[in-house]
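Encoded as structure tokens, the structure appears first; notes follow it.
Residue numbers (the working numbering), protein chains in the order written: chain A, 64 to 135; chain B, 64 to 135.
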């Protein structure tokens with residue numbers, strides 16, 4: 064998988080978990096101290112997130128990092 | 064878990080998988096195009112790796128990202 068595909072798969076997984084919980088992009092952005100614009104760029108697969116950011120997202124979505132990254 | 068603990072847990076997990084495969088730090092660094100010094104700083108828990116770096120490490124260690132990040 065290319066880096067571009069990787070970023071997109073991570074983004075789609077976050078969106079899947081977020082919508083399953085009935086959470087808006089704005090709410091998730093607020094929980095992890097993200098600007099709304101950053102959140103939408105992230106969910107468009109346009110960023111290369113760090114483990115620290117992914118951990119905050121996993122906590123906000125109440126899943127483990129391992130569950131968050133079940134993308135293969 | 065604090066960010067420091069997170070970086071350390073990820074580092075310990077990579078070291079655990081690397082040594083299980085009988086791979087040296089130098090060999091892993093070579094496989095993912097890392098300087099040896101970066102690899103040792105990473106395994107000391109001193110860095111906040113991106114998903115792109117973690118994916119390269121997972122591939123080099125022949126595990127999925129989800130398996131790599133089973134740290135909770």
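Beta carbons: idealized from backbone N, C-alpha and C, even for Gly. Here the structure is a predicted model, which is why all the values come from computation and not from measurement.
Under DSSP, the alpha helix (DSSP H) around residue i begins and ends at which residues?
i: residue 133/B; result: Run containing residue 133/B: none; DSSP gives neither H nor E here.
i: residue 100/B; result: 99-106
i: residue 126/A; result: No alpha helix (DSSP H) holds residue 126/A; DSSP gives it neither H nor E.
i: residue 82/A; result: 66-83
i: residue 93/B; result: 88-94
In chain order, what residues of the same chain have a beta carbon less than 8 Å from the beta carbon of residue i, not counting five sequence neighbours either side?
i: residue 99/B; result: 88, 89, 92
i: residue 101/B; result: 92, 110
i: residue 76/A; result: 131, 132, 133, 134
i: residue 113/A; result: none
When the distance is taken between beta carbons, is residue j closer than 8 Å to residue i?
i: residue 80/A; j: residue 126/A; result: yes
i: residue 115/B; j: residue 83/A; result: no
Does the ligand SAM have a heavy atom nearer than 7 Å to the CB of residue i?
i: residue 67/A; result: This structure lacks the ligand SAM; in fact it carries no ligand of any kind.
Beta-carbon within less than 7 Å of residue i's beta-carbon, same chain only, minus the 5 sequence neighbours each way: which residues are those?
i: residue 107/B; result: 74
Can you name, in chain order, every residue of its own chain whose Cβ lies under 6 Å from the Cβ of residue i, other than the five neighbours on each side?
i: residue 119/B; result: 95
Quiz item: the segment 72-98 of chain A: which residues have C-beta closer than 8 Å to a C-beta of chain B, in chain order?
Solution: So the close ones are 73.
Quiz item: Name the residues in the segment 111-134 of chain A whose C-beta lies less than 7 Å from a C-beta of chain B; which are they?
Solution: Residues of the segment 111-134 of chain A that bring their beta carbon within less than 7 Å of a beta carbon in chain B comprise 111, 112, 113, 114, 115, 117, 118, 127, 128, 129, 132, 133, 134, in sequence order.
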